[in-house]
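This report refers to the structure that appears directly beneath it.
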Amino acid sequence: MVIALDGPAASGKGTLARLISEHYGFAHLDTGTLYRGVAWLVLSENADPTDPVLATNAARTFEIEKLADADIRTKEVGAAASVVAANSDVRSALLDFQRRFALKPPQNAVGAVLDGRDIGTVVCPDATVKFFVTASPKTRAHRRWLELVSGRPELQEAEIYKDLLERDARDAARDDAPMAAADDAELLDTTHLSIDAAFAAARRVIDGVF
Ligand code: C5P
C-alpha cells in the first residue's frame, strides 16, 4: 500500500502525510527533506547550488541520517533545494532511496506514505492512492509565515509569498519530473479546509480503496 501526496509548498501535504501515516501505521517519507538535505550540504560548504557538479556530488554522498542537527527548514534552504532539484543527476541519485522506501518501508510497516512533487508521476507511478494537494498562494504563504515567524520575527509575509511563487514556478517548469498532478490523482484543495476536514476527506478516499 503506497500513498503518494504531491503539491506545492505549504499546501498541507506534509501534515496530511504525517496524519495518514499515524492513522494507518504506514512509514512516512517527506521527500523534500532529501532535496533540502542536498541543498544544505552545498550551502554549508559555501558553494553555489547552481553548480551542477557540486550538487550532484552532494546528492551521491548524501545520507539522510546525517541531517540530524541541520537546519533545513529555512526559506533559504527551500529556495536552494528547488535549484538543486532541477538537476537531473541530483534527481536520479535520490530516486533509488525513495523507491526502496516505498517498496520496503522501514520497520516492516504495512505501507508507505511519500510526499513531494513527483511521487505520483515518477517515483511511484503505481501508488495505490494519489493525491495532489493545493491551496491558494495567499493561504499557503500565510501558513508558511506562521510556521517560520516565531524563530524569525523580521520575516514578512509578502516576502514568503514571493519566494513561494518563485519556487513553485521553478518546480513546475523544470524539464525533469516537474511538479504535476498525476492523471489519476485525487485533487484536494485545502484553501478553505481545516486540517481535520482535509484529513477526513483523504481518509474517505483511502478507505474507499482499502
Ligand atoms: O517539500 P519541500 O518544500 O520541503 O521541498 C523543497 C524542494 O525540494 C521543492 O521546492 C522542490 O524543488 C524539491 N522537491 C522535488 N521533488 C520532490 C520533493 C521536493 O523536486 N519529490
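Counting in UniProt numbering, the sequence shown runs from 1 upward without gaps. Just so it is clear, CB atoms sit at the ideal spot from N, CA and C, and this is done for glycine as well.
Quiz item: Within this structure, are the beta carbons of residue 141 and residue 164 separated by less than 7 Å?
Solution: The residue you call residue 141 lines up with position 141 of the sequence shown. The residue you call residue 164 lines up with position 164 of the sequence shown. For residue 141 and residue 164, yes; Cβs fall inside 7 Å.
Quiz item: For the putative contact between residue 171 and residue 5, defined by C-beta atoms under 8 Å, what is the C-beta separation to the nearest angstrom?
Solution: For this step, residue 171 is matched to residue 171 along the sequence shown. For this step, residue 5 is matched to residue 5 along the sequence shown. In fact, because the Cβ distance is near 15 Å, the residues do not count as touching under 8 Å.
Exercise. Out of 47, 162 and 128, point me to the one whose CA is closest to residue 112's CA.
Key: Translated into the one-based positions of the sequence shown, residue 112 becomes position 112. Ranking 47, 162 and 128 by Cα distance to residue 112 puts 128 first.
Quiz item: Ends of the beta strand (DSSP E) at residue 112?
Solution: Walking along the sequence shown from the start, residue 112 turns up at place 112. Secondary structure note for residue 112: its beta strand (DSSP E) is the uninterrupted segment 112 to 116.
Quiz item: Would you report the Cα separation of residue 12 and residue 160, rounded to the nearest angstrom?
Solution: Counted from its first residue, the sequence shown places residue 12 at position 12. Counted from its first residue, the sequence shown places residue 160 at position 160. If you take the alpha carbons of residue 12 and residue 160, they lie about 16 Å apart.
Quiz item: Is residue 92 near the ligand C5P, in the sense that its beta carbon is under 6 Å from a heavy atom of that ligand?
Solution: Counted from its first residue, the sequence shown places residue 92 at position 92. For the ligand C5P, not one heavy atom lies less than 6 Å from the Cβ of residue 92.
Exercise. Enumerate in chain order the residues of its own chain whose CB-to-CB distance from residue 144 is below 6 Å, with the five nearest sequence positions on each side excluded.
Key: As a working note, residue 144 is residue 144 in the sequence shown. Within its own chain, the residues whose Cβ lies closer than 6 Å to the Cβ of residue 144, once the five positions on either side in sequence are excluded, are 10 and 160, listed in chain order.
Quiz item: Should residue 124 and residue 38 be called a contact, given that it needs their Cβ atoms to be closer than 7 Å?
Solution: Along the sequence shown, read from residue 1 onward, the residue named residue 124 stands at position 124. Along the sequence shown, read from residue 1 onward, the residue named residue 38 stands at position 38. Residue 38 is positioned such that its CB atom lies no closer than 7 Å to that of residue 124.
Quiz item: Taking the C-alpha atoms as reference points, what is the distance between residue 49 and residue 208?
Solution: Within the sequence shown, residue 49 is the residue found at index 49, counting from 1. Within the sequence shown, residue 208 is the residue found at index 208, counting from 1. Approximately 43 Å between the Cα atoms of the pair.
Self-check item: residue 77 beta carbon less than 7 Å from that of residue 55
Solution: Numbered from its first residue, the sequence shown carries residue 55 at position 55. Numbered from its first residue, the sequence shown carries residue 77 at position 77. No, Cβ-Cβ distance for residue 55 and residue 77 is not below 7 Å.
Quiz item: What are the residues that DSSP puts in a beta bridge with residue 134?
Solution: Your numbering for residue 134 matches position 134 in the sequence shown. Beta bridge pairing from DSSP links residue 134 with 189.
Quiz prompt | Spatial distance of residue 47 from residue 106 (CA atoms) | solution = The residue given as residue 47 occupies position 47 in the sequence shown. The residue given as residue 106 occupies position 106 in the sequence shown. Going by the C-alpha atoms only, they are around 33 Å apart.
Quiz item: Do you know how far the Cα of residue 102 is from the Cα of residue 109?
Solution: If you number the sequence shown from 1, residue 109 lands on position 109. If you number the sequence shown from 1, residue 102 lands on position 102. Taking the straight line joining both Cα atoms gives about 10 Å.
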